[in-house]
Structures are given as C-alpha cells and as structure tokens.
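Novice: Residue numbers (our numbering): 1 to 750. C-beta: ideal position from N, C-alpha, C; glycine also.
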Amino acid sequence: MLGVEMHRLLKIGLNLGFGLQPCRFWTKKAVQESGTDDASANEKCGGTCKTECNGDVNDHFTGSGSVGDEAVSWVAQDQEMGANTSQVNDLSENESLRTLIGTESISENDPFWNQLISFTFTSPTNSGDSKLLEEAVIPLAKIFIENNPRTGNFGALVRVFLGRTKELKISTECQDQLFIWQAHNALFMIRCLLKVFIREMSEDELQLQFSYQERAPGSCESPTEDLLEEVICNLVHLIVEVPLLDLTYSILFEAVTSLLVLLSYQLLHKEILREGLVYKYLMRGRCFDLTSRLVKTLLYNFIRQEKCPPPVTHIFEPQSEGGGLLYGLASGVASGLWTVFTLGGAGSKPNPDQEQNPLPLSNQSLLLLLVLANLTDGPDCLNPYRQAITSFKNTQDTSSIPSSHPHTFQINFNSLYTALCDQQRSDQATLLLYTLLHQNTNVRTYMLSRTDMENLVMPILEILYHVEDRNSHHVYMALIILLILTEDDTFNRSIHEVILKNITWYSERTLTEISLGSLLILVVIRTIQFNMTRTRDKYLHTNCLAALANMSAQFRCLHQYAAQRIISLFALLSKKHNKVLEQATQSLRGPLGSDSAALPDYAQDLNVIEEVIRMMLEIINSCLSNSLHHNPNLVYALLYKRELFEQFRSHPSFQDIMQNLDTVIGFFSVRLEQAGTDLSVERVQEVIKKGAVALPKDRLKKFPELKFKYVEEDQPEDFFIPYVWSLVFNSGVGLHWSPHGIELFSMDSG
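(1) Note the first and the last residue of the continuous beta strand (DSSP E) segment covering Lys501.
(2) Name the two residues that bound the continuous beta strand (DSSP E) containing Ser515.
(3) Leaving aside the five residues before and after Leu375 along the sequence, list all residues of the same chain whose C-beta is less than 6 Å from its C-beta, in chain order.
(4) Please name the residue or residues paired with Ile411 in a DSSP beta bridge.
(5) Determine, using beta-carbon pairs with one atom in the segment 459-471 and one in the segment 491-500, whether at least three such pairs fall under 8 Å.
(6) Consult DSSP for Lys707 and reduce its assignment to one of helix, strand or coil.
(7) Ignoring anything shorter than 3 residues, give me the beta strand (DSSP E) runs that lie fully in the segment 125-166, in order along the chain.
(8) Less than 8 Å between the C-beta atoms of Val242 and Cys287, yes or no?
(9) By a C-beta neighbour count over all protein chains shown, 10 Å radius and 16 as the cutoff for buried, is Val664 buried or exposed?
(10) Counting only runs of 4+ residues fully inside the segment 539-575, write out the alpha helix (DSSP H) ranges in chain order.
(11) Do Ile525 and Ile480 count as a contact pair if the criterion is CB distance below 8 Å?
(12) If you draw a straight line from the C-alpha of Asp432 to the C-alpha of Thr677, how long is it?
(13) Determine the DSSP secondary structure at Ser731, reduced to helix, strand or coil.
(14) Do the segment 500-512 and the segment 539-548 meet, that is, are 3 or more Cβ pairs less than 8 Å apart?
(15) Distance check for Ala388 and Ser211, CA to CA, integer angstroms please.
(16) Starting from Leu638, follow the alpha helix (DSSP H) in both directions and report where the run begins and ends.
(17) Cα separation between Phe413 and Arg536?
(18) Find out if the Cβ-Cβ distance for the pair Leu273, Tyr281 is shorter than 8 Å.
(19) As a quick exercise: from Thr165, Ile180, His269, pick the residue whose alpha carbon is nearest that of Cys233.
(20) So Leu482 and Phe708 are in contact, right, with Cβ under 8 Å, and what is the actual spacing, rounded?
(21) Given a threshold of 16 other Cβ atoms within 10 Å of its Cβ, counted over all protein chains shown, does Ser130 qualify as buried or as exposed?
(22) Could you tell me whether the Cβ atoms of Leu695 and Phe667 are closer together than 8 Å?
(23) Are any of the Cβ atoms in chain D nearer than 8 Å to that of Tyr506?
(24) Could you pull out every residue in the same chain whose Cβ sits closer than 7 Å to the Cβ of Thr248, ignoring the five residues on either side in sequence?
(25) If the criterion is Cβ atoms closer than 8 Å, does the pair Asn660 and Lys701 meet it?
(26) On a CA-only basis, which of Arg589, Asn631, Ser653 is nearest Leu606? Give me that one, please.
(27) If I'm right that Pro360 touches Val733 with Cβ under 8 Å, what's the distance once you round it to whole angstroms?
(28) Give the range of the alpha helix (DSSP H) segment to which Val231 is assigned.
(29) What distance in whole Å lies between the Cβ atoms of Leu672 and Val684, which are believed to be in contact at a cut-off of 8 Å?
(30) Would you say Lys538 and Val608 are within 8 Å of each other, going by their C-beta atoms?
(31) Using the beta-carbon count (16 or more within 10 Å), is Arg191 buried or exposed?
(32) Look up Glu468 in the DSSP assignment and say whether it is helix, strand or coil.
(33) Tell me which same chain residues have a C-beta within less than 7 Å of the C-beta of Trp737, skipping the five on either side of it?
(34) Under three-state DSSP, which class holds Leu252?
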C-alpha cells in the first residue's frame with residue numbers, strides 16, 4: 001500500500017510496449033557532378049580560391065577525351081535514374097558499380113574512382129524510397145561480399161574516401177564544392193554497403209571486409225592498419241572539425257548517419273550489447289579524446305535546427321573565365337542536371353515529407369546523441385558520452401570551480417532551452433529533455449530558474465492531453481518530466497502565478513483564463529481517467545498521482561473546474577471501488593464447485609483501487625492542511641459532493657486521513673447552515689472565504705509532507721536502449737530496416 005512516508009521512490013516500468021509506426025523523413029540530395037582525383041582537388045587559399053589543375057588531371061579529362069566523355073555519359077545515365085525512383089533497379093546494370101563489385105582489383109590511384117564517385121543520384125527522401133534503394137543494393141552487396149576477399153576493392157573505396165576527408169576542412173574554407181561532393185558520394189556508397197554488410201555478418205567478419213586488399217600470388221603479408229577504426233575516427237573528426245555550412249550540410253548528415261548505421265548491430269540482437277568493435281573504438285579508442293566535442297557538436301546541430309539548404313543552381317559555374325577545366329566541365333552539365341540533384345526538383349512544390357520534416361541533420365544528430373548516451377558502461381570504464389551529457393555547463397557560468405568530470409564542456413543554455421521548448425512534438429526531443437533534467441544538475445537548476453517555464457511545460461501537457469495519439473513511451477517520458485519538475489517547491493508555487501489565456505487545444509471546456517498550475521492538474525487528472533478506462537497501467541497511475549501529490553501543498557487559487565475535476569476523479573474511484581467490492585462479494589457467495597479463479601483478481605483490483613483512493617485523499621488533505629484559505633473552490637467542490645466521503649469514514653484504510661476532511665466538511669457545513677437557506681453560489685463562496693480565515697489551524701491534524709522522487713530502475717538500459725533504437729527505426733532520415741531482422745523489440749507491440 002502507498003503510505004505517507006516523507007520520501008518515496010518511484011521506478012519506471014520496463015515492460016512497456018511501444019508502437020512502431022514508420023515515420024517519413026527527407027534528406028538533402030547529394031550535389032552531383034563529374035569529379036577529379038586527389039591531386040586536382042588540392043586547393044590553396046589566398047584571398048580567393050582557385051582550382052589548380054596539374055598535367056595529369058588535364059590528361060585525364062582531355063587526352064583522348066574518352067574518360068571525360070565516359071564520366072559525363074555516366075552522369076547523364078544516372079540523371080534518368082534519379083529522376084524516377086522506380087528505376088533504382090538500374091543500379092544492377094551500372095558498369096562502374098559492376099566493376100567495383102567484380103573480380104578485378106582496382107588500384108587506389110586508378111582514374112576509375114573519380115568516375116565512380118562522380119555520380120548523380122537522388123538520395124532517399126523517405127522510408128519508401130530507402131526501402132527501394134536497399135532492395136537494389138542488397139544483391140550487389142552480396143556479390144561484393146563474395147569477391148572482396150580477393151579484390152580488396154571495398155578497402156580501396158574506403159581509402160579513397162579517407163584520402164578526401166584529410167582535405168575536407170581546407171576544401172570547406174576554399175568552398176571547393178566539387179571535392180566535398182565527391183567525398184559525400186564516396187561516404188554515401190560506403191554507408192549503403194555497410195548497412196547490408198551489417199545485416200549479413202558479424203562485427204569480426206565486417207572488420208575483415210575492411211582489411212582485405214589486393215595481394216600478389218603467394219603473398220602472406222597482413223594489413224597493418226585497422227580501416228574500421230580509421231573510418232570511425234574520421235567520421236567523428238569530420239563531424240567535429242568541418243563547419244556546418246550549406247555546402248557541407250549533406251556530408252555532415254551522411255557522417256552522422258554512417259555512425260548510426262555502424263552502431264545498428266544492436267537492432268539485430270535481442271540482448272543488450274555490452275561490447276564489440278564499434279563499441280570499443282567509440283568508448284576507448286582514438287575517438288575517446290573527442291568525446292566532449294562530439295557531444296557538443298551533436299547538441300549544437302540539434303539546437304541550430306538548420307533546414308536543408310535550398311538549391312543553388314549555379315553551384316558549379318566557373319568563378320571566372322579562367323576558372324579551371326574542372327569547373328568548366330562541371331558547368332557544362334550542371335545546368336541540365338540540377339533538377340535531379342536537388343530536393344524534388346528546382347521549381348517543384350515540396351512534398352509532404354519535406355514540409356513535415358525539414359530538419360534532417362538536427363533529427364539525425366539527436367538520434368545519434370541518444371544512442372551514444374545510452375551505450376552501456378564498460379567493465380573498466382564509464383560511458384564517456386553519458387558523462388559528457390550529465391556534466392556540461394552553461395557558457396554564462398563563470399565559476400572557476402573545476403569540474404570533477406573529465407568530459408565536461410560549455411554550451412549556451414538559453415539556446416538549448418529554446419530548442420527543447422520548440423521540438424517537444426518528437427519522442428527524441430522529449431527523451432533528451434528527460435535525460436538532461438534527470439541527469440544534469442546544471443541544466444535542471446537552470447530550467448527551474450526560468451521565469452517562462454510555461455514555454456516548456458505547455459508542450460509537455462499537450463503530449464499528455466493527446467495521449468490517445470501518442471505511443472506509451474512518449475507519454476511516460478512526458479509524465480516523468482512533470483514528476484521531476486514537481487520535486488521542486490519553487491516550481492510548484494510559481495506555476496500557479498502564471499496565467500494563461502484561451503487554451504485552444506483543451507477541448508472539453510472553454511478555458512478563457514486559467515493558471516498553469518490548474519491546467520497541469522486538469523491534464524494529469526484526464527490522463528488518470530484515460531488510463532482507468534483504456535490502458536489500466538499501474539505505473540501510469542502511480543506517476544500521475546505522485547506529481548499531484550508533490551504539488552498539493554502548494555495548490556493556490558485553483559480554478560473552479562480544476563477543483564471539480566479533483567472531486568470528480570474521487571467520485572469515479574469511489575464508484576469503481578463499490579463495483580469491484582460487489583463483484584468480489586458475489587464471487588464469495590458463489591455455489592460450491594464453481595470456478596473461483598477470479599477471486600484473487602478481484603482482491604488485487606480492490607487493493608490497487610484502495611491505494612489510489614488513499615492517495616487522492618492524501619492529496620486533498622495536503623491541500624486543505626497547507627493552503628485551505630488559498631483554495632475556496634476546492635472547499636466548495638468538497639461540500640457539494642460531501643456524501644461521497646461518508647462511506648470511507650469507518651474504513652480501516654482511510655480512518656486516519658478522513659479526520660481532517662470530516663473536520664473541514666463539518667466546520668463549513670455549520671457555517672453555511674448559520675448563513676440561512678437558498679444561498680446563491682456567490683453567497684456560499686463568501687461564507688467559505690470568511691470561514692477559511694476563521695478555522696483554527698490546530699483543528700487539523702498534521703501529516704508528513706507528501707513528497708515523491710523519481711528514480712530509474714537498477715538496469716535502465718533494458719528500457720531505454722530498445723526505446724532509443726525504436727526511435728532510430730521509426731524516425732531515422734533516409735534509413736530503412738527490414739522488420740524481419742529486428743530482434744531488439746517486438747514489431748507488433750504497442
């Protein structure tokens with residue numbers, strides 16, 4: 001039974017189902033044009049940036065003309081492919097791809113690579129397009145898996161990409177869009193292949209795919225570099241080093257997405273993974289020193305909410321008449337192909353996916369941040385990403401006290417607060433808010449000090465109000481956020497001082513003016529009533545009642561509708577109690593030999609209902625004991641429905657808590673009788689207000705203060721890791737996983 005202890009601990013339920021409804025998102029199309037080799041891509045910045053083309057490059061593109069023509073021809077071929085997603089199966093006929101996955105080794109210095117990564121292809125914009133692309137890639141990737149041990153072409157492709165990442169920062173400074181575009185294309189290809197590889201093989205086998213390289217007959221030479229670790233480190237470096245600009249948006253998005261794909265082994269395992277190669281490289285490898293910078297960058301990507309940049313129709317035009325052969329070649333075909341490169345075409349209307357989800361990098365960065373923060377601690381090390389999440393400080397914090405956490409950093413809390421307020425429509429933003437409030441004391445202290453808490457609380461209340469349309473996890477996170485906030489007495493007082501006008505989304509009753517505190521009470525009570533009739537989840541009841549209990553001593557000037565709903569909820573519970581009690585009694589009187597299996601269920605139901613009734617009585621008592629004179633509307637509602645409480649006076653579970661309610665009801669009943677009969681509502685309220693001042697405080701028995709505190713279960717990863725990956729599965733931009741391979745969570749739950 002729920003008692004009246006000074007301090008209570010609530011634990012989140014882990015056996016919750018969640019609905020997996022695939023969400024549609026869109027992403028930036030790759031900027032496409034014919035390419036160049038490493039030497040030609042190196043630029044020097046001196047005032048203005050110009051491309052320097054050496055003799056080899058000129059030979060490659062002019063010489064006999066055949067290679068350059070082939071590159072342009074391949075671009076034109078893919079233009080047709082990108083223009084119609086249904087033609088994605090043409091990938092299997094593409095000569096360059098067939099060469100890559102074939103039986104012949106290709107040297108890293110072969111001009112082939114420039115041709116391969118100078119393609120035009122409309123990147124997936126939603127789950128459906130991603131599914132089509134993956135279905136086309138799977139047979140190619142399987143062939144590649146067979147041939148790669150002999151050719152080493154996958155490792156060569158990876159090294160081509162790594163070679164280009166070394167120059168990305170200088171390319172960004174010089175605005176070398178062609179070079180960045182090629183690096184993006186190489187990474188896009190690697191990511192598509194990795195997604196299939198991960199589905200088909202273990203991590204150790206995946207590492208082998210990176211290590212294979214062309215070998216002379218009879219050679220026993222083993223590779224000295226670990227390309228898998230090299231790729232992971234390069235992706236992290238890319239994310240933290242390359243600034244977010246229009247021309248880098250796509251490659252930064254691809255880098256974040258690639259890390260998500262590399263971590264997606266968890267989706268394919270029912271048990272929580274606590275070790276592995278990717279895990280090791282991110283937690284203890286060369287990436288370790290970049291932990292705080294990666295977390296900070298991902299947070300800022302979320303905060304900035306940058307939309308995918310608009311089409312730039314002249315992106316590849318030469319900067320001057322002598323701008324260089326590569327730019328000249330690019331401008332020769334870009335104008336005709338740009339409608340394929342860009343989102344939906346240069347003058348077309350945005351599709352619904354674009355309109356609803358215009359922030360692919362922000363969304364993907366937040367998903368990666370949540371995945372990293374929820375990695376399990378190692379046997380000999382704590383998760384550094386969680387340490388960074390739980391310890392970062394405000395940029396305005398001038399305190400010279402050094403942090404005891406090794407991965408702390410500073411970030412603008414005002415910007416973070418604004419982004420969190422704006423983005424609570426999504427599960428992942430609500431989960432981030434929960435994580436920060438629960439684990440980062442600096443963030444919690446800052447948020448509770450804000451004078452505009454309504455900007456944060458109102459979106460949370462909307463989530464709970466539309467409980468029918470939300471999955472159970474989102475509702476839980478929103479409710480626990482409220483519970484954490486109500487642990488603070490200052491918050492509980494201040495919400496009754498914030499007056500709101502015309503709450504349009506609250507449809508049960510027109511609320512022209514109401515305090516934030518009263519609205520919070522209304523929404524929580526509505527959630528309890530919904531749960532009683534639909535989900536019947538004990539954890540939901542407990543957390544809702546705990547939030548009300550935490551606030552009860554600071555109830556101030558409750559709206560008359562909020563006061564009515566408190567008593568109405570008690571009436572509903574009383575009615576339910578009587579019904580279950582009657583059913584239990586009838587089952588005891590049943591004929592001998594009848595099925596008595598239902599009896600324990602009635603007893604259990606009765607016990608749960610009585611726990612909830614006692615909680616409601618404690619909440620009402622707490623308000624009357626601490627702030628009766630501030631809440632005449634609650635006293636009015638109590639007197640109006642006084643007969644509801646009579647049956648509980650003699651009940652052994654409620655006798656103690658009923659004393660104060662009896663005192664209040666009796667005191668005000670006498671004063672109303674003395675005031676005469678046929679009293680108007682206004683006259684009754686006047687009598688109540690005067691009586692509240694006159695009632696001696698020592699007439700009410702003191703009870704310990706109602707206080708609940710939220711704590712996680714001992715193994716929170718059993719809940720949070722499946723939840724986070726369900727968000728990646730549903731909300732990852734341009735990502736599709738076959739439901740048949742998912743082991744981490746049930747696809748039909750929720």
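Specialist: If we stick to the structure as given:
(1) Walking along the sequence shown from the start, residue 501 turns up at place 501. Per DSSP, Lys501 is one residue of the beta strand (DSSP E) stretching across 499-501.
(2) Position 515 of the sequence shown, counting from 1, holds the residue named residue 515. Ser515 -> beta strand (DSSP E) spans 513-515.
(3) By 1-based counting over the sequence shown, the position of residue 375 is 375. So the list reads Asn383, once near-sequence residues are dropped.
(4) Here residue 411 corresponds to residue number 411 of the sequence shown, with the count starting at 1. DSSP links Ile411 through a beta bridge to Asn394.
(5) No, the segment 459-471 is not in contact with the segment 491-500.
(6) On the sequence shown, residue 707 is found 707 positions in, with the first residue counted as 1. In the structure shown, Lys707 adopts coil according to DSSP, grouped into three states.
(7) With a minimum length of 3 residues, no continuous beta strand (DSSP E) run stays inside the segment 125-166.
(8) Position 242 of the sequence shown, counted from the start, is the residue given in the question as residue 242. Position 287 of the sequence shown, counted from the start, is the residue given in the question as residue 287. Cβ atoms of Val242 and Cys287: not closer than 8 Å.
(9) Start at 1 with the first residue of the sequence shown, and residue 664 comes out as number 664. Buried: at least 16 other Cβ atoms inside 10 Å.
(10) Counting only runs of 4 or more, we get nothing.
(11) Working through the sequence shown from its first residue, we reach residue 480 at position 480. Working through the sequence shown from its first residue, we reach residue 525 at position 525. No, these two residues do not count as a Cβ contact at 8 Å.
(12) Sequence index remark: in the sequence shown, residue 432 carries index 432 (1-based). Sequence index remark: in the sequence shown, residue 677 carries index 677 (1-based). According to the sequence shown, residue 432 is Leu rather than Asp. If you take the alpha carbons of Leu432 and Thr677, they lie about 57 Å apart.
(13) On the sequence shown, position 731 is the one that residue 731 refers to. The DSSP-derived three-state label of Ser731 is helix.
(14) No, because fewer than three Cβ pairs between the segment 500-512 and the segment 539-548 fall closer than 8 Å, the two stretches do not touch.
(15) Sequence index remark: in the sequence shown, residue 211 carries index 211 (1-based). Sequence index remark: in the sequence shown, residue 388 carries index 388 (1-based). If I take the Cα positions, the gap works out to 33 Å.
(16) In the sequence shown, counting from the first residue as 1, residue 638 sits at position 638. Note, Leu638: alpha helix (DSSP H), 632-640.
(17) Start at 1 with the first residue of the sequence shown, and residue 413 comes out as number 413. Start at 1 with the first residue of the sequence shown, and residue 536 comes out as number 536. Phe413 and Arg536 have their C-alpha atoms spaced approximately 38 Å apart.
(18) For this step, residue 273 is matched to residue 273 along the sequence shown. For this step, residue 281 is matched to residue 281 along the sequence shown. Annotated as distal: Leu273 and Tyr281, with beta-carbon spacing of 8 Å or more.
(19) As a working mapping, residue 233 is identified with position 233 in the sequence shown. Among Thr165, Ile180, His269, the Cα nearest to that of Cys233 belongs to Thr165.
(20) The residue given as residue 482 occupies position 482 in the sequence shown. The residue given as residue 708 occupies position 708 in the sequence shown. 11 Å between Cβ atoms; not a contact.
(21) What you label residue 130 is simply residue 130 of the sequence shown in a count that begins at 1. With 16 or more other Cβ atoms inside 10 Å of its own Cβ, Ser130 counts as buried.
(22) Here the question's residue 695 lines up with position 695 in the sequence shown. Here the question's residue 667 lines up with position 667 in the sequence shown. Taking 8 Å as the Cβ cut-off, Leu695 and Phe667 qualify as a contacting pair.
(23) Among the protein chains of the structure shown there is no chain D, as only one such chain exists.
(24) Translated into the one-based positions of the sequence shown, residue 248 becomes position 248. For Thr248, the CB contacts under 7 Å within the same chain, skipping 5 residues up- and downstream, are Thr172, Ile180, Val242 in chain order.
(25) Within the sequence shown, the letter at position 660 stands for residue 660. Within the sequence shown, the letter at position 701 stands for residue 701. A distance below 8 Å separates the beta carbons of Asn660 and Lys701.
(26) For the purposes of this step, residue 606 is identified with residue 606 of the sequence shown, where counting begins at 1. The shortest Cα separation from Leu606 among Arg589, Asn631, Ser653 belongs to Ser653.
(27) As a first step, residue 360 must be located in the sequence shown, where it is residue number 360. As a first step, residue 733 must be located in the sequence shown, where it is residue number 733. Confirmed, Cβ separation roughly 4 Å.
(28) By one-based count along the sequence shown, residue 231 stands at place 231. 227-241 is the extent of the alpha helix (DSSP H) around Val231.
(29) Numbered from its first residue, the sequence shown carries residue 684 at position 684. Numbered from its first residue, the sequence shown carries residue 672 at position 672. Indeed, because the Cβ distance is near 7 Å, the residues count as touching under 8 Å.
(30) Residue mapping note: residue 538 aligns to position 538 of the sequence shown, counting from 1. Residue mapping note: residue 608 aligns to position 608 of the sequence shown, counting from 1. Contact annotation: Lys538 and Val608 have beta-carbon atoms nearer than 8 Å.
(31) For the purposes of this step, residue 191 is identified with residue 191 of the sequence shown, where counting begins at 1. The residue is buried, with at least 16 neighbouring Cβ atoms inside 10 Å.
(32) Indexing the sequence shown from 1 puts residue 468 at position 468. Note: Glu468 maps to helix in three-state DSSP.
(33) By one-based count along the sequence shown, residue 737 stands at place 737. The answer, listed in chain order, is Leu267, Phe729.
(34) Along the sequence shown, one-based indexing puts residue 252 at 252. Residue state, collapsed to three classes: helix.
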